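In our numbering, the protein residues as written are 725 to 1051.
All C-beta atoms, glycine included, are put in the ideal place defined by N, C-alpha and C.
All values derive from a computational prediction rather than experimental measurement.
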Amino acid sequence: MDKEKPLNSADMAIRAENLTKHYGRFTAVKGITFSIKKQEIVGMLGQNGAGKTTTIRLLTGLFPLLQGSTVEILGIDIEKEPVRCKSLLGIVPEMNNAFLDFTVFQNLSFSGRLYGMSKAAIERRGRSLLAQFGLADRVNSLTKALSKGLKQRLNFCMALMHDPPVLILDEPCGGLDPISVKLLREQILQLRSLGKTIVLTTHDMQEAQRICDRVMIIHKGSLLIDESLETVRARLGGAKKITCKLDRDPPAGLESALGAGPRYDGPELMVNGSSCQVITREPLASMSNLHDFFHKTSTVVNDVRMEETSLEDVYCQLIEKEGSKND
């Protein structure tokens, strides 16, 4: 696992050490350690079942820590001072956590009272958040009448009622309409500019690439990467992605024709049905090899395009390499 240099404790918003979780004989999280600095947006990426949500639950005190594990929020130990520590967190869970039979404002009022806010403070903060998230005209609407996107906006408002310095967002934009995704993305960036530290889990690599300063890739309970977005991109520095759509599945021999695969120190090849992708630092040579191979095998190329590599390409490459280690 690759890590960047450790942070000064004064700059640290979150410190997690040796996070571990067992379900019977199955270990869902395997000794994960990381630190997150103040005013940083960190994306926690991974497949379904990778251990992202379990890590979040350990981080927020929903699951007890095992002996030898530590979580600190702004220097406060979550086991020694759980109430104080949790008051520093605003949590937006993957599933809607608002009361469906409450009005929008009743949900905000309930959240405010949980943190000891006065009626006047709830009114002032609640109205401000509803305006910020485009819900001002829904103040008296029943929550169950809201669309999924509007419910998620309400979840954000509830998490922000007590103005916490650290936000934990579990799949915040999953399954939402484009308008809600755009609004929430803008709000996440705005919250960072206001000094918030934000940790989010996501399957959406493009979204992570748009808003994250740093990414952690979790796979089968282990932390594969903990790096800035710039460092992750540098892993494929100068590389291009060539995508070919063919009239049939690629014939045998394409990998060796490209000099790809574990036996070679060359391009990375990914095949999905009649489509193939090549990630290469020598795009002209790879294009020439593809042309020669497809000509020799009488394979028709319906479409070909070359583009910059992305976070998704790095992610897929890493997961494929991890899979090949276990084969």
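query = Do the stretch 866-873 and the stretch 793-801 touch if we need at least three Cβ pairs shorter than 8 Å?
reply = Touching, no, given that fewer than three Cβ pairs across the two stretches are closer than 8 Å.
Contacting residues, own chain, Cβ-Cβ under 8 Å from Glu-764 (five flanking each side not counted) = Only Ala-737, Arg-916, Thr-921, Ile-922, Asp-937 and Arg-938 meet the Cβ criterion.
ask   = Excluding the five sequence neighbours on either side, which residues of its own chain have a C-beta within less than 7 Å of the C-beta of Asp-973, listed in chain order?
value = Take Asp-973, set aside five residues on each side of it, and the residues of its chain with a beta-carbon closer than 7 Å to its own are Gly-997 and Ser-998, in chain order.
request  = Under 7 Å Cβ to Cβ from Leu-913, same chain only, skipping five residues before and after it: list those, please.
outcome  = The residues are Ile-935.
request  = Thinking Gly-785 and Lys-754 are a contact (beta carbons under 8 Å), I'd like their distance in whole angstroms, please.
outcome  = Contact flag wrong, Cβ pair sits at about 20 Å.
Three-state secondary structure assigned by DSSP to His-886 = Three-state DSSP puts His-886 in coil, outside helix and strand.
task = Run the CB neighbour count on Asn-879, radius 10 Å, all protein chains shown included, and call it buried at 16 or more, exposed below.
result = With at least 16 other beta carbons inside 10 angstroms of its own, Asn-879 counts as buried.
inquiry  = With the cut-off set at 8 Å, would you say Ala-752 and Lys-761 are in Cβ contact?
reply    = The answer is no: Cβ separation not under 8 Å.
inquiry  = Using a Cβ-Cβ cutoff of less than 8 Å, which residues in the same chain neighbour Arg-1029 once the five nearest sequence positions on both sides are dropped?
reply    = The answer, listed in chain order, is Ile-966 and Thr-967.
task = Would you decide whether Gly-748 is buried or exposed? Buried here means 16 or more other CB atoms lie within 10 Å of its CB.
result = Around the Cβ of Gly-748, a 10 Å sphere holds fewer than 16 other Cβ atoms; the residue is exposed.
query = According to DSSP, which residues form a beta bridge with Val-939?
reply = Val-939 pairs with Gly-767 and Glu-951.
message = Taking the straight line between their C-alpha atoms, what separation do you get for Glu-1032 and Met-885?
response = About 41 Å.
query = Where does Met-841 sit, in a helix, a strand or coil, going by DSSP?
reply = If DSSP states are grouped into helix, strand and coil, Met-841 belongs with coil.
message = Assuming Val-816 and Pro-896 are in contact, meaning their beta carbons sit under 8 Å apart, how far apart are those beta carbons, in whole angstroms?
response = Val-816 to Pro-896, Cβ: 6 Å. Contact.
Buried versus exposed call for Glu-992 [16 or more other C-beta atoms within 10 Å across all chains shown] = Looking at its Cβ environment, which holds 16 or more other Cβ atoms inside 10 Å, Glu-992 is buried.
query = Quick one: what's got a C-beta closer than 6 Å to Ser-818's C-beta in the same chain, skipping five residues either side?
reply = Inspection of the sequence shows that residue 818 is occupied by Glu rather than by Ser. Closer than 6 Å at the Cβ level, and outside the excluded window around Glu-818, lie Asp-894 and Glu-895.
task = Check each candidate in Thr-1023, Arg-877 and Met-841 and name the one with the smallest Cα separation from Glu-910.
result = Here the closest residue by C-alpha is Arg-877.
request  = Select from Met-1011, Phe-750 and Gly-770 the residue whose C-alpha is nearest the C-alpha of Leu-924.
outcome  = Comparing alpha carbon positions, the residue from Met-1011, Phe-750 and Gly-770 closest to Leu-924 is Gly-770.
query = Can you give the Cα-Cα distance for Gly-775 and Tyr-1039, rounded to whole angstroms?
reply = For Gly-775 and Tyr-1039, the gap between their C-alpha atoms comes out near 16 Å.
query = Buried or exposed: where does Phe-823 fall if 16 or more other Cβ atoms within 10 Å of its Cβ makes it buried?
reply = Label assigned to Phe-823: exposed.
task = Could you round the C-beta distance between Leu-743 and Leu-782 to whole angstroms and report it? I think they count as a contact, below 8 Å.
result = Sure, about 5 Å apart at Cβ, within 8 Å.
message = Give me the DSSP bridge partner(s) of Asp-1027.
response = Its beta-bridge partners are Lys-969.
message = So if DSSP puts Thr-744 in a beta bridge, which residue, or which two residues, is it bridged to?
response = Thr-744 is bridged to Lys-754.
Best match in Arg-851, Val-1025, Leu-948 and Asn-821 for proximity to Pro-975 [C-alpha to C-alpha] = When each option's Cα is compared against that of Pro-975, the closest is Val-1025.
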